[in-house]
Each structure stands twice: as C-alpha cells, then as structure tokens.
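The structure under discussion appears below in the form of structure tokens.
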Amino acid sequence: MKNYVQSDKKEVRFKFLEMRDKTEPVMMSAYSAAIAAAIRKLAVYVEAKTVMFYLSYGSEVMTDAMIMHAFEDGKDVIVPAIQNPGDGEMYGVRISRLEDSYMSVYGIRQPEIHDGDIVEKKDIDLVFVPAIAFDMRGYRIGYGKGYFDKWLSGIEQKKAVGLAYDGQITDKLPVEEFDMPVGTIVTEKKIVHIVRN
Numbered sequence: 003m004k005n006y007v008q009s010d011k012k013e014v015r016f017k018f019l020e021m022r023d024k025t026e027p028v029m030m031s032a033y034s035a036a037i038a039a040a041i042r043k044l045a046v047y048v049e050a051k052t053v054m055f056y057l058s059y060g061s062e063v064m065t066d067a068m069i070m071h072a073f074e075d076g077k078d079v080i081v082p083a084i085q086n087p088g089d090g091e092m093y094g095v096r097i098s099r100l101e102d103s104y105m106s107v108y109g110i111r112q113p114e115i116h117d118g119d120i121v122e123k124k125d126i127d128l129v130f131v132p133a134i135a136f137d138m139r140g141y142r143i144g145y146g147k148g149y150f151d152k153w154l155s156g157i158e159q160k161k162a163v164g165l166a167y168d169g170q171i172t173d174k175l176p177v178e179e180f181d182m183p184v185g186t187i188v189t190e191k192k193i194v195h196i197v198r199n
C-alpha cells in the first residue's frame with residue numbers, strides 16, 4: 003500500500019481517478035452491489051433513521067440501489083444539493099423518490115432546493131461520503147471543490163462513512179487543515195473502522 007503524503011493532491015487525484023475510470027462497468031456494478039449489501043449490516047446504518055447518500059457520478063460507487071434499499075428500510079433519505087455553484091455551500095435535502103433528483107449541477111444529479119425539504123446536519127444520523135481516494139486514517143481526496151469537507155466539519159466523525167472500491171484505499175494521503183476524515187470506509191472487500199462506535 004503506497005504512501006502519498008509527500009505528493010501533490012492534484013497528482014494523487016489524477017492517478018486515482020484514472021485508475022477508477024478504467025474499472026469495467028460490469029465490475030463497478032458488482033462491487034457497488036457488494037458495498038450496498040455490506041452497509042445494510044453496519045450498526046450505524048441499522049440504527050440510523052435519517053441517512054444522507056451522495057448521488058453517484060461517473061465511476062463513483064453506485065448509490066441508486068442503496069437509496070432504494072434505504073426507502074425499503076424505512077429511512078428518511080437526504081441527498082446533497084448546491085444552490086449557488088462556487089460558494090462552497092452544500093445542503094442536505096430530503097427526497098421521497100430518486101426521480102426527484104433530476105437537476106444537474108457540475109454534471110451531478112440533485113433535487114430542487116425547497117426550504118421545507120432542507121435538513122439540518124444535527125438531524126442527520128449517517129452520511130455516506132464519496133471520494134477519489136481514501137487513506138487508512140479516514141482522510142479523503144475528492145474533486146477539489148471542498149463541498150464535502152465543509153459539510154463534514156459539522157458532522158461527528160463516527161457518522162461519516164466513506165464508500166470506495168478497494169483500489170481507492172491507500173496508506174496515507176496529503177492532508178490540509180480543512181480536510182475532514184470519515185469514521186468508517188466500506189469497500190467491496192472490507193470494512194475499515196477508523197472510529198469505533
């Protein structure tokens with residue numbers, strides 16, 4: 003397992019994104035299904051009433067089936083939404099069906115933002131977090147826009163669960179003071195507990 007702590011984030015982002023993008027779609031689907039099955043067994047998921055999922059984009063771990071499972075499991079489902087691109091602010095918005103997320107910001111699906119559907123961070127029990135890469139300390143590298151790190155600054159670490167393919171995990175990534183770690187990482191092969199519940 004490599005240590006990238008001395009590398010530039012842009013360089014690391016490029017390497018891992020290139021690797022992830024080369025994953026065959028059939029394998030991404032299979033890996034995502036295995037991850038979906040694993041998260042339904044997590045105690046933090048079983049106990050959670052309100053769960054925030056990202057809406058998968060490109061070669062990210064696919065979340066649509068996970069969201070459908072959450073509806074079946076009686077969870078309130080929250081997804082990220084951006085009102086003003088570029089201001090760094092992300093909102094948690096309640097949806098009642100996947101089809102509600104038909105808008106596109108940065109090419110990523112999201113619902114319309116209505117005041118009554120915005121859910122405060124304190125009222126969300128669990129947040130699933132995407133990344134281009136995670137390290138064994140729970141730190142992540144995303145697309146570099148900072149939305150998720152800003153969001154996670156108000157979330158208990160144990161409530162943040164990273165979803166990734168196993169090849170996206172490395173020993174150590176470069177970290178800056180605003181980077182926020184997750185408490186658990188779930189891949190198709192393993193569950194990494196950084197913070198014990």
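With this note's numbering, letter number 11 in the sequence shown gets 13, and the count goes up by one each step, no holes.
All C-beta atoms, glycine included, are put in the ideal place defined by N, C-alpha and C.
_Outcome for Asp151 when other beta-carbon atoms lying within 10 angstroms are tallied against a minimum of 16_ = To locate residue 151, count along the sequence shown from 1; it is residue 149. That one is buried.
_Whole alpha helix (DSSP H) elements within the segment 76 to 155, 4-residue minimum_ = 149 to 154
*asked:* For a minimum of 3 consecutive residues, which ranges assigned as the beta strand (DSSP E) are wholly contained in the segment 23 to 63?
replied: 52 to 54
*Met68 to Ala162 span [Cα, whole Å]*: As a position in the sequence shown, residue 68 is number 66, starting the count at 1. As a position in the sequence shown, residue 162 is number 160, starting the count at 1. Roughly 16 Å separates the two Cα atoms.
*Would you give the residue range spanned by the alpha helix (DSSP H) that Ile187 belongs to?*
Locating residue 187 in the sequence shown gives position 185, where the first residue counts as 1. Counting along the chain, Ile187 falls outside any alpha helix (DSSP H), though it belongs to the beta strand (DSSP E) covering 186 to 188.
*May I ask you to list the residues that DSSP assigns as paired with Ala162?*
Numbered from its first residue, the sequence shown carries residue 162 at position 160. Looking at the DSSP assignment, Ala162 forms a beta bridge with Val129.
_Which same chain residues end up closer than 8 Å to Gln200 when comparing Cβ atoms and leaving out the 5 residues on each side of it in sequence?_
Outside the displayed range of the chain (3 to 199) lies residue 200, so it cannot be described from this structure.
_Let's test the definition: count the other Cβ atoms within 10 Å of the Cβ of Tyr108 and tell me whether it reaches 16, buried, or not, exposed._
Translated into positions along the sequence shown, residue 108 becomes position 106. It is exposed - the Cβ of Tyr108 has fewer than 16 other Cβ atoms within 10 Å.
*So the beta strand (DSSP E) Ile193 belongs to, where does it begin and stop?*
What you label residue 193 is simply residue 191 of the sequence shown in a count that begins at 1. Looking at the DSSP string, the run of the beta strand (DSSP E) that includes Ile193 is 193 to 195.
*asked:* Closer than 8 Å is the cut-off here; do at least three beta carbon pairs connect the segment 17 to 26 with the segment 181 to 192?
replied: no
*Using alpha carbons as the reference points, say which of Phe73, Met30, Ser9 lies closest to Gly169.*
By one-based count along the sequence shown, residue 169 stands at place 167. Ranking the options by Cα distance to Gly169, first place goes to Met30.
*Can Arg136 and Ile110 be called in contact, C-beta distance under 7 Å?*
For this step, residue 136 is matched to residue 134 along the sequence shown. For this step, residue 110 is matched to residue 108 along the sequence shown. Correcting the residue type first, residue 136 is Phe in the shown sequence and not Arg. Against a cut-off of 7 Å, the Cβ pair of Ile110 and Phe136 comes out as no contact.
*asked:* Using only CA atoms, which one of Leu165, Val131, Leu175, Ile196 lies nearest to Lys4?
replied: Here residue 4 refers to the residue found at position 2 of the sequence shown. Comparing Cα positions, the closest option is Leu175.
*Since Gly146 and Arg15 are thought to touch, with beta carbons under 8 Å apart, how far apart are those beta carbons, to the nearest angstrom?*
The sequence position of residue 146 within the sequence shown is 144, counting from 1. The sequence position of residue 15 within the sequence shown is 13, counting from 1. Going by Cβ atoms, the distance from Gly146 to Arg15 rounds to 7 Å, so yes, they are a contact pair.
*Please state if the CB of Glu62 and the CB of Pro132 are separated by a distance shorter than 7 Å.*
Translated into positions along the sequence shown, residue 132 becomes position 130. Translated into positions along the sequence shown, residue 62 becomes position 60. Going by C-beta atoms, Pro132 is nearer than 7 Å to Glu62.
*Grouping DSSP H, G and I as helix and E and B as strand, with all else coil, what is Ile157?*
For the purposes of this step, residue 157 is identified with residue 155 of the sequence shown, where counting begins at 1. Ile157 falls in the coil class under three-state DSSP.
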